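The sequence shown: position 62 = 62 (the UniProt record's numbering), numbered continuously.
Contents: one structure, followed by commentary.
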Amino acid sequence: MTDFLDLAVSIAREAGQMLIAKRPARPEAVSTKSSATDVVTALDRACEELIRARILAARPGDAILGEEGGETGGVTSGEGRVRWVVDPIDGTVNFMYGLPDWCVSIAVEVDGEIVAGVVNVVPRGELFAAARGGGAELLREGLPAERLRCNTGVPLAGALIATGFGYRPERRAVQAEVLAHVVPRVRDIRRGGSCAADLCSVAAGRVDGYYERGTEYWDFAAGGLVATEAGARIGGLGGRPCNPELTLCAAPGLFEELHDLLEPLDPERDG
Ligand code: IPD
Ligand code: CA
Ligand code: CA
Ligand code: CA
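As structure tokens, then:
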């Protein structure tokens, strides 16, 4: 597991350096997906290609699921079926505008269970890393590694909650309605613009909880492990998985309060 984490850390670092070196003053969208907000830049693709090349150079038999390139490869060996889950830039809109919340997110699964996760929030010089059962850490150049623990014992009314708005255009009006119900019931809301970085913020106690509907597996695979290894719970509604359900993350206690607040307002209720 440490080997997987070490490899993921070194690839996420190299990918981050490449993005900083090659980022133009104002990266442009080369295409859009579900809506005008759902953009792809040339560097989203180049970064995923770099990450895929490095994974395959080290471990040619592994499967890779990436946001830009889909799922490729994979053989089952003695150690099980290993699959890498890659979001080359999580927070592409922030990346385009020069806002600091974007990251490279890489998770490693063995037989369907995530065993290692790395979220490199490049502009902040912060790399979050977790191995299943081994805890979560924040690594910063020149500083000792910091063990992460999420905030506990925070009631909903005193909670700072991060959220995001999945990009499907038909969801936008419902997202606003849900937000209108949530805002008066919590301390405040943050919309950082990167699901993976938001989950690491839960892990680091910078926010108390997070919710969003419409996230994809590569958005939360690595950050979800960082958060759970820091003591948080992650899941969907009624014990179901996050994807394609609402993704909720908070310490036990607040998780249930957030769940019960959001379940009746489920943003997918109107499609
Ligand atoms: C997006 C970010 C954003 C979230 C969206 C995601 P991308 O990922 O994580 O915070 O609200 O749902 O799609 O497209 O920038 O990798
Ligand atoms: Ca995207
Ligand atoms: Ca993403
Ligand atoms: Ca992305």
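We put the CB at the ideal spot given by N, CA and C, even for glycine.
This one's a predicted model, so the numbers in the text were calculated from it and none came from an experiment.
Is DSSP giving residue 105 helix, strand or coil here? Within the sequence shown, residue 105 is the residue found at index 105, counting from 1. Three-state result, residue 105: strand.
Around the Cβ of residue 270, are there at least 16 other Cβ atoms within 10 angstroms (buried) or fewer (exposed)? Locating residue 270 in the sequence shown gives position 270, where the first residue counts as 1. Residue confidence for residue 270 is low, a pLDDT of 44 falling below 50, so the modelled location carries little weight and cannot support an answer.
Along the chain, where does the beta strand (DSSP E) containing residue 249 start, and where does it finish? Along the sequence shown, one-based indexing puts residue 249 at 249. First-last of the beta strand (DSSP E) with residue 249: 246–250.
Using only the heavy atoms of ligand 5, determine whether one of them is closer than 8 angstroms to the beta carbon of residue 154. With respect to small molecules bound, the structure shown includes ligand 1, ligand 2, ligand 3 and ligand 4 and not ligand 5.
Report the residue from 223, 266 and 232 whose alpha carbon sits nearest the alpha carbon of residue 244. Counting from 1 along the sequence shown, the entry for residue 244 is found at position 244. The shortest C-alpha separation from residue 244 is found at 266.
By how many angstroms is the C-alpha of residue 233 removed from the C-alpha of residue 308? Outside the shown range of the chain, which is 1 to 271, sits residue 308, and nothing can be said about it.
Top-ranked residue by Cα proximity to residue 209, from 159, 118 and 11: The residue given as residue 209 occupies position 209 in the sequence shown. Comparing Cα-Cα distances from residue 209 to each of 159, 118 and 11, the minimum goes to 159.
What distance in whole Å lies between the Cβ atoms of residue 205 and residue 150, which are believed to be in contact at a cut-off of 8 angstroms? Counting from one through the sequence shown, the residue named residue 150 turns up at place 150. Counting from one through the sequence shown, the residue named residue 205 turns up at place 205. Right, the Cβ-Cβ distance comes to about 6 angstroms (below 8 angstroms), so this counts as a contact.
Coil, strand or helix - residue 126 by DSSP: In the sequence shown, residue 126 corresponds to position 126, counting from 1. Correct three-state label for residue 126: strand.
Any idea what DSSP makes of residue 263, helix, strand or coil? To locate residue 263, count along the sequence shown from 1; it is residue 263. Reduced to three states, the DSSP call for residue 263 is helix.
Can you tell me whether DSSP reads residue 194 as helix, strand or coil? Here residue 194 refers to the residue found at position 194 of the sequence shown. Of the three classes helix, strand and coil, the one that applies to residue 194 here is coil, per DSSP.
Going by alpha carbons, who is nearest to residue 198 out of 109, 113, 91 and 178? Start at 1 with the first residue of the sequence shown, and residue 198 comes out as number 198. Looking at the Cα atoms, 91 is the closest of the given residues.
Does the beta-carbon of residue 123, which I'm using as the reference point, lie nearer than 8 angstroms to any heavy atom of ligand 4? The residue you call residue 123 lines up with position 123 of the sequence shown. No; taking the cut-off as 8 angstroms, the Cβ of residue 123 has no heavy atom of ligand 4 nearer than that.
What are the complete alpha helix (DSSP H) segments, minimum 4 residues, inside the region 22–74? 42–58
Listed by chain order, which residues have C-beta atoms less than 7 angstroms from any heavy atom of ligand 1? 38, 67, 87, 89, 90, 91, 92, 93, 164, 165, 166, 167, 192, 193, 194, 195, 196, 198, 212, 214, 215, 216 and 219
Residue 296 versus 211, 231, 229 and 262, residue with shortest Cα-Cα distance: Outside the displayed range of the chain (1 to 271) lies residue 296, so it cannot be described from this structure.
Helix, strand or coil at residue 215 [DSSP, three-state]: Stepping through the sequence shown from its first residue, residue 215 is reached at position 215. Correct three-state label for residue 215: coil.
Close beta carbons around residue 3, own chain, < 6 angstroms, minus the five adjacent residues each side: As a working note, residue 3 is residue 3 in the sequence shown. Taken in chain order, the list of residues that qualify is empty.
Beta carbon of residue 31: closer than 8 angstroms to some heavy atom of ligand 3? The residue you call residue 31 lines up with position 31 of the sequence shown. No, Cβ of residue 31 sits at least 8 angstroms from all heavy atoms of ligand 3.
In its own chain, which residues sit with a C-beta less than 7 angstroms from the C-beta of residue 11, not counting the 5 before and 5 after it? One-based indexing of the sequence shown puts residue 11 at position 11. Counting only Cβ-Cβ distances below 7 angstroms, and skipping sequence neighbours, we find 51, 54, 55 and 106.
By DSSP's criteria, residue 86 is part of a beta bridge. Which residues make up the other side? The residue given as residue 86 occupies position 86 in the sequence shown. Beta-bridge pairing links residue 86 to 66 and 106.
Following the continuous beta strand (DSSP E) through residue 120, name the residue where it begins and the one where it ends. The sequence position of residue 120 within the sequence shown is 120, counting from 1. Per DSSP, residue 120 belongs to the beta strand (DSSP E) from 113–121.
Report yes or no: do the region 184–197 and the region 74–94 share at least 3 C-beta pairs separated by less than 8 angstroms? yes
Which residue from 98, 102, 136 and 111 puts its Cα closest to that of residue 75? Looking up residue 75 in the sequence shown gives position 75. Minimum Cα distance to residue 75 is reached at 111.
Going by DSSP, what residue range makes up the beta strand (DSSP E) through residue 137? Sequence index remark: in the sequence shown, residue 137 carries index 137 (1-based). 135–139 is the extent of the beta strand (DSSP E) around residue 137.
Is the region 167–187 in contact with the region 137–145, if contact means three or more CB pairs nearer than 8 angstroms? no
Limits of the alpha helix (DSSP H) - the one that residue 179 falls within: Translated into the one-based positions of the sequence shown, residue 179 becomes position 179. 172–182 is the span of the alpha helix (DSSP H), which, as asked, contains residue 179.
With DSSP collapsed to three states, give me the class of residue 208. Here residue 208 refers to the residue found at position 208 when the sequence shown is read from its first residue. Three-state DSSP puts residue 208 in coil, outside helix and strand.
Kindly indicate the opening and closing residues of the alpha helix (DSSP H) around residue 92. Taking the first residue of the sequence shown as position 1, residue 92 is located at position 92. Looking at the DSSP string, the run of the alpha helix (DSSP H) that includes residue 92 is 92–97.
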